[in-house]
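Shown next, in structure tokens, is the structure this report addresses.
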Amino acid sequence: LCIGVVGGYFILSNIGGFFYLPGNMPLLTEFREKGEGFSGLEEEKLQDLNLTLVGENSYQEENFGLKIIKNGAVELVVEKGKFMDIWNKITFTVKSFSGFVSNSNFYRQNNRYFGNITVLVPSKGFDNFIDKISDFGEVENISINSKDLSGEYVDLSSRLKVLESQRDLLLSWLSDAKDIKDMLSIRSELDKIETEIEKIKGRMNYISFHTDFSQITISIREKGEKPGVVPPIIRRILDALNRALNGFVMSIFVIIIVLAWLTPWLILIYIIYLIYRRRKENKEVK
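Numbering (this note's numbering) for the sequence shown: 2 to 287.
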């Protein structure tokens, strides 16, 4: 008797928990109308069963660890002529930390080199990596920002387990379904659940990757004034000259367009004038 009660409670818990979840009420209504054993269950009871399903049967305590995204930026000033040496040292250091370069560029201006390197290194070596590259030159600025996504990750994991249990149950129903209408209805719900599962997995993978690897942007420049530093009064003069030049060029374009539009008409008017003048001269001769 005890085994029968426990077994029945387990079956009702799984079925009830599935039907009460959002998006599955159309299926619940359909099965109730068919009288397939669900008409006697109240929605309040189904909610209780759903809580039991999540609390006792589906949820497993896991230690996810802290999911913290940690990024940083470092600005380095190096001695003139040492740019490429420091550049190569940084790329070598990234590899030694089991990281990789995701983006890099450098250029030359006023006989000095400037560059940026964006790297991804394992988060556990974040602080050591910052300390290491700080020795390569004069540190002008360091910024570090962190974002804790531990709560979101745990929530996503719980939702994923519930959705996967729904999917497995739907697949078992789909294999047993004999009516085309039931098959289409189950297939539709299954597609929705699969879409949600893929979204959750994608977000979890994103969080896992960006918590396992930290992104650090390193700006390097050789000693001297920063590029593009112009006194305000000179900047205003240059802006005014630039606007005047743009206005002049635009007026030339307008004149060319107007002339291009008028030229055929002017030629036609000139031809008519010549014809009129010749006829008038012929009349005067006669």
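Quick reminder that beta carbons are idealized off the backbone N, C-alpha and C, glycines included.
Under the three-state DSSP convention, the category residue i falls into
i       : result
Glu-139 : strand
Lys-146 : What sits at residue 146 in the sequence shown is Asn, not Lys. Reduced to three states, the DSSP call for Asn-146 is strand.
Ala-178 : coil
Glu-282 : helix
Leu-267 : helix
Phe-101 : strand
Glu-80  : coil
Gly-66  : coil
Gly-203 : helix
Asn-106 : strand
Gly-248 : helix
Gly-126 : helix
Beta-ladder partner(s) of residue i, from DSSP
i       : result
Gln-216 : Leu-121
Ala-74  : Ser-144, Thr-218
Gly-116 : Phe-107, Ile-221
Residue i Cβ short of 7 Å to the ligand COA heavy atom set
i      : result
Phe-93 : Ligands displayed in this structure: none; no statement on the ligand COA is therefore possible.
Status (buried if at least 16 other CB within 10 Å, exposed otherwise) for residue i
i       : result
Trp-266 : exposed
Arg-280 : exposed
Arg-222 : buried
Tyr-114 : buried
Ile-194 : buried
Glu-190 : buried
Met-205 : buried
Val-250 : exposed
Ile-272 : exposed
Phe-130 : buried
Gln-167 : buried
Leu-171 : buried
Phe-84  : buried
Gln-110 : exposed
Leu-242 : exposed
Ser-215 : buried
Phe-93  : exposed
Leu-67  : exposed
Val-95  : buried
Gly-100 : buried
Notebook entry, point to check: Does the region 63 to 79 touch the region 207 to 215, meaning 3 or more C-beta pairs lie closer than 8 Å?
Noted result: yes
Notebook entry, point to check: Is the region 129 to 143 touching the region 152 to 165, taking contact as three or more C-beta pairs under 8 Å?
Noted result: no
Notebook entry, point to check: Does the count of Cβ pairs from the region 257 to 265 and the region 113 to 120 closer than 8 Å reach three?
Noted result: no
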